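In my numbering, the protein residues as written are 3 to 253.
Heads up: the structure comes next, in structure tokens.
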Amino acid sequence: MPPAAHWLIVLFSAVFGGSVGSFLNVVVYRLPNGLSLITPPSHCPICKEPIRWFDNVPVFGWIMLGGHCRHCHCRIPIRYPLVEAFTAAVFAALATVEDPLTAAYPCHLMLLCTLLCSALIEVDGNRPPLRLFVPALIVGIAVPLIWPTDGLNVLAGLAAGIVASGVIWLMMLGRRRMRTQDASDVAPPATGLLLGLICAGAFLGWPALGVLALVTLAVHGMLLCPWRGQPRVCIPPSVWLLVSAVAWLLA
């Protein structure tokens with residue numbers, strides 16, 4: 003492929019990624035609240051006025067509005083353009099290391115988008131619903147079976163993801179029981195991490211899954227949330243799973 007065509011594809015990937023990031027903001031806000039992702043169209047949550055198409059341009063729309071709603075002038079969180087910019091950067095960066103015309107590229111992007119939504123939902127203090135991960139699991143299992151890439155053993159990766167999630171669930175549940183001494187406190191912790199690992203196993207295979215799980219637990223457990231004592235910073239482990247997955251795919 004000529005260099006000019008390659009960089010044109012990278013640019014298009016960035017623009018498309020920004021639009022996807024705008025949709026992911028909708029997913030993160032609506033899905034935990036049980037709202038439809040389609041209707042009503044994008045609107046201000048305060049004054050309920052629809053957002054005009056030229057105000058909904060990723061990143062630039064927020065800049066042109068000065069970070070405030072055009073109608074009621076309420077503040078629009080800066081996280082929205084940051085998510086759009088991050089998604090655009092991931093789309094573009096992955097296009098530089100993978101062929102965007104292969105099946106692996108959209109599959110890996112779907113995995114990263116799912117992990118991003120899961121991480122943001124947990125940052126907001128909500129539990130990611132199972133239906134967030136269902137499309138990724140279906141695609142992660144079906145596409146490699148139809149178009150095999152790099153000899154990826156999907157079933158082995160999926161099984162490894164389930165086993166790893168089960169082991170981590172037992173570890174974290176035991177930790178919670180030891181710290182609270184409350185027999186009724188049996189809610190499964192870190193839903194985004196557990197379901198995210200299963201998705202990662204289906205998309206990336208068991209060797210990558212092992213690396214992602216170890217890195218995520220190491221960063222989350224040793225640096226920010228010690229096994230004993232009150233953590234100074236409580237960042238959900240799904241955030242570190244997302245970071246490690248991006249680093250693995252771009253490495």
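Every residue gets a Cβ at the ideal spot worked out from N, C-alpha and C, and that includes glycine.
Since the model is a prediction, treat every value here as computed from it, not as a measurement.
Alpha carbon to alpha carbon, how far is residue j from residue i? Give it in angstroms, no decimals.
i: A95; j: C119; result: 19 Å
i: V245; j: G63; result: 27 Å
i: F135; j: L103; result: 24 Å
i: V221; j: W242; result: 7 Å
i: A87; j: F93; result: 10 Å
i: F14; j: D126; result: 31 Å
i: E124; j: W171; result: 16 Å
i: S255; j: G198; result: The first residue shown for the chain is 3 and the last is 253, placing residue 255 beyond what the model contains.
i: D101; j: V156; result: 21 Å
i: L33; j: A158; result: 30 Å
i: A192; j: V169; result: 13 Å
i: K50; j: A253; result: 43 Å
i: R54; j: H73; result: 11 Å
i: G19; j: F25; result: 10 Å
i: H8; j: M173; result: 46 Å
i: L251; j: V30; result: 23 Å
i: M66; j: P52; result: 17 Å
i: L2; j: I148; result: Because the chain here runs from 3 to 253, residue 2 falls outside it and cannot be looked at.
i: V2; j: L160; result: Residue 2 lies beyond the range of the chain shown here (3 to 253); nothing can be said about it.
i: V145; j: A249; result: 23 Å
i: R230; j: I164; result: Reliability fails at R230, whose pLDDT of 48 lies under 50, so the model's placement of it is uncertain and no value is given.
i: N128; j: C236; result: 14 Å
Please classify residue i as buried or exposed, where buried requires at least 16 neighbouring CB atoms within 10 angstroms.
i: P130; result: buried
i: V188; result: Per-residue confidence for V188 stands at a pLDDT of 47, beneath the threshold of 50, marking its modelled position as unreliable; the derived number appears in the next sentence. Exposed, since its Cβ has fewer than 16 Cβ neighbours within 10 Å.
i: A247; result: buried
i: A6; result: exposed
i: P4; result: exposed
i: W208; result: buried
i: S38; result: exposed
i: P83; result: buried
i: I78; result: buried
i: V22; result: buried
i: L111; result: buried
i: A16; result: buried
i: G176; result: exposed
i: L132; result: exposed
i: A162; result: buried
So what does residue i bridge to, in DSSP terms?
i: R77; result: H70
i: P52; result: H45
When you compare the CB positions of residue i and residue j, do they come within less than 8 Å of one another, or not?
i: G203; j: L216; result: no
i: A90; j: P42; result: no
i: A166; j: P238; result: no
i: L139; j: C201; result: yes
i: G142; j: C115; result: no
i: I11; j: A97; result: yes
i: L113; j: F56; result: no
i: V85; j: N27; result: yes
i: I48; j: C71; result: yes
i: L195; j: T218; result: yes
Since I believe residue j is in contact with residue i (beta carbons under 8 Å), could you give me their beta-carbon distance rounded to a whole number of angstroms?
i: S44; j: N35; result: Their Cβ separation, rounded to whole angstroms, is 15 Å, which puts S44 and N35 out of contact at 8 Å.
i: I80; j: G68; result: About 11 Å separates the two Cβ atoms, so there is no contact after all.
Within the present structure, is the beta-carbon of residue i separated from the nearest heavy atom of the ligand COA by less than 7 Å?
i: D101; result: This structure lacks the ligand COA, and indeed carries no ligand of any kind.
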